[in-house]
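Chemist: Protein chains in written order, with our numbering: chain A, 1 to 298; chain B, 1 to 298.
Before anything else, here's the structure in question.
There are 2 protein chains.
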Amino acid sequence: MIESAGPRVLQGHGTENDFVVLPDPDGSVWPEHRLDASLVRRLCDRRAGLGGDGVLRVVPSALVPDAAAVLGEALPQCTWFMDHRNADGSSAEMCGNGIRLFLHVLLAEGLLDRAAAEAGVLVGTRGGPRRVGARPEGGYWVDMGPARPLGTGETVLGGRRMSGVGISMGNPHLVCLVQDDVESLDLTALPQVDPAMFPEGVNVEVVNVLTTDGMAGADAHVRMRVHERGVGETRSCGTGACAVASAALTAAGRTTGTVVVDVPGGRLSIDVDDRTTVLSGPAVVIAAGALTPEWLAG
Amino acid sequence: MIESAGPRVLQGHGTENDFVVLPDPDGSVWPEHRLDASLVRRLCDRRAGLGGDGVLRVVPSALVPDAAAVLGEALPQCTWFMDHRNADGSSAEMCGNGIRLFLHVLLAEGLLDRAAAEAGVLVGTRGGPRRVGARPEGGYWVDMGPARPLGTGETVLGGRRMSGVGISMGNPHLVCLVQDDVESLDLTALPQVDPAMFPEGVNVEVVNVLTTDGMAGADAHVRMRVHERGVGETRSCGTGACAVASAALTAAGRTTGTVVVDVPGGRLSIDVDDRTTVLSGPAVVIAAGALTPEWLAG
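Structure below.
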């Protein structure tokens, strides 16, 4: 049987936003010179590597050289840091789907106890400290911050002109509530938008409101698809789901409430209050093991 | 740390034709009712599962109910059976890239000793018994059987008309030696071919002959890309490389020899003699571990 001589690795996903997870509990396994952009690209390669939308290294914040600059006074509270890299090897900031998986791995690997996770903890990210927690009934939540309105806008997507509402979740979104079944829309091409409104591009969501009172405990139930800027259509987008929830509540004449959001990769739930937006959803580890020395040497 | 409570799993590839490998050395881990088409599709899902072009179960031939029918008198010599499934869940026959990985896993898992592998062994497949072996200098070889000429043909690929030679390696190929750099060709669309010549479709290879005497020990060095019927462009095709080698030798006025074939996923080497075609190339295990109970239950 192949010896687990190589470093430990896990594969997992949050609503099909998938990651290679590298536990590095004392910072000695994956120093920066070892986990360079080239190795991240190899890990995320879907044929020659394990495959993923990105890499999540699990490391103590105190051992990350640039953590102090992004975490400030919160550094001592952020025991763990989500060292998130994109599939192209670049450093990434936050990811609402990735951070649920990160917390799931902390629990599964015994790096955090369940009571602490259910009470909520701060996790360090390159986007700053983020409050996250485990739900007693299963799944994880993350405080995504408030939605900020950007006014109304238009897009042309798959040959159709649509109007939508601009919303910032830190990154820009254009949320289009549509009557046509979103399953039937062509999201292959880059959506055309007004560059004056979105100078750095925009994530475009198309949404069907399924009901505004049909699901137990929720104020609305919607289905969405998303075209992420620089990526194309994805199976799930955490900030997009938050923007969609905010737009769906506004359309129903509300400013707060709970919205169930079905994305192609699964189901998310969004709680909007006067202060912030909380994203809840599942995370799963598919397999756990070790990289082989032969692959690492390749 | 996550317990390895689930069944053992490996991920690997042969020239980027990638597989989920499931060791089942006593046939008790993956009975047919457990490894059904639905689970194979989940395993091969590149986001919600581990991802792969297929699944290779490693199981004794004597424990495979339908092995006797395909292996006949060779059954007692075929200690191991490559239970190969396609990503869509269907049963598959042979794969020249997959069987190298299969042999690599037999060695790495301690199910076959190196001396026996270097001498050559028979492996059971749904395409019949196949002779394979390990090369002392690294890599693996597999006897792919003889190339059989099918006459000349034509195709239109990416808007260009090309002529080629038809070759059967058990499955049909149309090999087009071209002057334009194959890197510049558009292989997105389905190649148009004469349905009278290829009633069940055809794999189309486009080839640049780089040299006919430039590489040590080889009689020719070529670069190829391939459009596989029913799939589209792939990173590697074992039977396609064999067909290309045969066509390249014929074009050089030879009937036997050694051809180095560069595919997008790596480098293969083909030995053609009067009797058969032997494909050699690398195989690598990326990671080894266990599926999680939570994913299996999902």
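Glycine included, every Cβ here is placed at the ideal spot set by N, Cα and C.
Is the separation between the beta-carbon of Val263 (chain A) and that of Arg225 (chain A) shorter than 9 angstroms?
Modeler: Yes, the pair counts as a contact, with Cβ atoms nearer than the cut-off.
Chemist: Could you check if Ser61 (chain B) is buried or exposed, using at least 16 other CB atoms within 10 Å of its CB as the buried criterion?
Modeler: Ser61 (chain B) comes out buried.
Chemist: What residue does the beta strand (DSSP E) around Thr250 (chain A) start on, and which one ends it?
Modeler: Per DSSP, Thr250 (chain A) belongs to no beta strand (DSSP E); it is in the alpha helix (DSSP H), 238-251.
Chemist: Report the residue from A:Ala241, A:Gly201, A:Leu50 whose alpha carbon sits nearest the alpha carbon of Leu177 (chain A).
Modeler: Residue A:Ala241 is the option with its Cα nearest to Leu177 (chain A).
Chemist: Would you mind giving the Cβ-Cβ distance between Pro23 (chain A) and Val70 (chain A), rounded to the nearest angstrom? I have them listed as a contact below 8 angstroms.
Modeler: Wrong, their Cβ atoms sit about 21 angstroms apart, outside the cutoff.
Chemist: Where does the unbroken beta strand (DSSP E) through Leu22 (chain A) begin, and where does it stop?
Modeler: First-last of the beta strand (DSSP E) with Leu22 (chain A): 17-23.
Chemist: In chain B, what lies closer than 9 angstroms to Gly292 (chain A) by C-beta?
Modeler: Reading the sequence as shown, one finds Thr at residue 292 (chain A) and not Gly. Residues of chain B passing the Cβ test: Leu10, Gly12, Ala108, Val284, Val285, Ile286, Ala287, Ala288.
Chemist: Thinking just about the alpha-carbon of each residue, which of A:Cys78, A:Ala48, A:Gln11, A:Arg34 is nearest to the one in Arg47 (chain B)?
Modeler: Looking at the Cα atoms, A:Gln11 is the closest of the given residues.
Chemist: Note down, in chain order, each residue of its chain lying with its Cβ closer than 6 angstroms to the Cβ of Pro191 (chain B), except the 5 sequence neighbours on either side.
Modeler: Excluding residues within five positions, the ones whose Cβ falls inside 6 angstroms are Thr155, Leu157, Val204, His227.
Chemist: Out of B:Gly145, B:Cys78, B:Gly27, point me to the one whose CA is closest to Arg8 (chain B)'s CA.
Modeler: Minimum Cα distance to Arg8 (chain B) is reached at B:Gly27.
Chemist: Could you tell me which chain A residues have their CB closer than 9 angstroms to the CB of Leu50 (chain B), listed as they occur along the chain?
Modeler: Here the neighbours are Gln11, Leu50, Gly51, Ile286, Ala287.
Chemist: For Asp18 (chain A), return the contacting residues in chain B, with the cut-off set at a CB-CB distance below 7 angstroms.
Modeler: Those are Arg47, listed as they occur along chain B.
Chemist: Indicate whether Ala245 (chain A) and Thr277 (chain A) have their beta-carbon atoms separated by less than 9 angstroms.
Modeler: A contact, by the Cβ cut-off of 9 angstroms.
Chemist: Comparing the C-beta of Arg235 (chain A) with each C-beta of chain B, is any distance below 9 angstroms?
Modeler: At least one chain B Cβ lies under 9 angstroms of Arg235 (chain A).
Chemist: Could you compute how far the alpha carbon of Leu299 (chain A) sits from the alpha carbon of Thr188 (chain A)?
Modeler: In this structure chain A extends from 1 to 298, so residue 299 (chain A) is not present and cannot be described.
Chemist: Can you give the beta carbon distance from Val285 (chain B) to Glu294 (chain A), rounded, assuming they're within the 8 angstroms contact cut?
Modeler: That pair is a contact at about 7 angstroms.
Chemist: Let me confirm a value: Ala363 (chain B) is counted as buried when at least 16 other C-beta atoms fall within 10 Å, else exposed. Which label applies?
Modeler: Only positions 1 to 298 of chain B appear in this structure, which leaves residue 363 (chain B) out of reach.
Chemist: Can you pull the chain A neighbours of Gly298 (chain B), defined as C-beta to C-beta under 8 angstroms?
Modeler: Chain A residues near Gly298 (chain B): Val284.
Chemist: Cβ closer than 8 angstroms: which chain B residues qualify as neighbours of Trp357 (chain A)?
Modeler: Residue 357 (chain A) is absent from the structure shown; chain A starts at 1 and stops at 298.
Chemist: Taking the beta strand (DSSP E) that Gly27 (chain A) falls in, what are its first and last residues?
Modeler: Gly27 (chain A) -> no beta strand (DSSP E), and no H or E assigned at all.
Chemist: I need the DSSP call for Pro172 (chain A), collapsed to helix, strand or coil.
Modeler: Pro172 (chain A) falls in the strand class under three-state DSSP.
Chemist: Going by other Cβ atoms of all chains shown within 10 Å of its Cβ, with 16 needed for buried, is Thr234 (chain A) buried or exposed?
Modeler: Answer is buried; the Cβ neighbour count reaches 16.
Chemist: Looking at C-alpha atoms only, which residue of A:Arg114, A:Val193, A:Gly98, A:Val207 is the closest neighbour of Glu183 (chain A)?
Modeler: Out of A:Arg114, A:Val193, A:Gly98, A:Val207, A:Val207 has the C-alpha closest to the C-alpha of Glu183 (chain A).
Chemist: Does His33 (chain A) pass the burial test, meaning 16 or more other C-beta atoms within 10 Å, or should it be called exposed?
Modeler: It counts as exposed.
Chemist: Go to Arg225 (chain A), then tell me how far its beta strand (DSSP E) extends in each direction, as first and last residue.
Modeler: Start and end: 220-228.
Chemist: Does chain A have any CB closer than 9 angstroms to the CB of Gly265 (chain B)?
Modeler: Yes - at least one Cβ of chain A is within 9 angstroms of the one on Gly265 (chain B).
Chemist: How many angstroms separate the CA atom of Gly133 (chain A) from the CA atom of Val142 (chain A)?
Modeler: Whole-angstrom Cα-Cα distance: 7 angstroms.
Chemist: In whole angstroms, what is the alpha-carbon distance linking Asp273 (chain B) and Gly257 (chain B)?
Modeler: Asp273 (chain B) and Gly257 (chain B): Cα-Cα distance of roughly 7 angstroms.
Chemist: Write down the C-beta distance between Gly127 (chain B) and Gly14 (chain B) rounded to the nearest angstrom, noting that I regard them as a contact closer than 8 angstroms.
Modeler: Actually they do not touch by this definition, with Cβ atoms about 16 angstroms apart.
Chemist: What residue from A:Gly201, A:His104, A:Asp219 has the CA that sits closest to Val209 (chain A)'s CA?
Modeler: With distances taken between Cα atoms, Val209 (chain A) lies closest to A:Asp219.
Chemist: Roughly how far, in whole angstroms, is the beta-carbon of Met144 (chain B) from the beta-carbon of Met169 (chain B), given that I think they are within contact range, below 8 angstroms?
Modeler: Going by Cβ atoms, the distance from Met144 (chain B) to Met169 (chain B) rounds to 6 angstroms, so yes, they are a contact pair.
Chemist: Looking at the strands, I want to know which residues DSSP matches up with Ser38 (chain A).
Modeler: None, per the DSSP bridge assignment.
Chemist: Excluding the 5 residues preceding and the 5 following Gly151 (chain A) in the sequence, name in chain order all residues of the same chain whose CB lies nearer than 8 angstroms to its CB.
Modeler: Once the five neighbours on either side are set aside, the close Cβ partners of Gly151 (chain A) are Val165, Gly166, Met197.
Chemist: Considering only C-alpha positions, which residue in the set B:Pro195, B:Glu93, B:Gly49 is nearest to Gly124 (chain B)?
Modeler: Comparing Cα positions, the closest option is B:Glu93.
Chemist: Is Ala115 (chain A) near Val40 (chain A), with beta carbons less than 9 angstroms apart?
Modeler: No, the pair does not count as a contact, with Cβ atoms beyond the cut-off.
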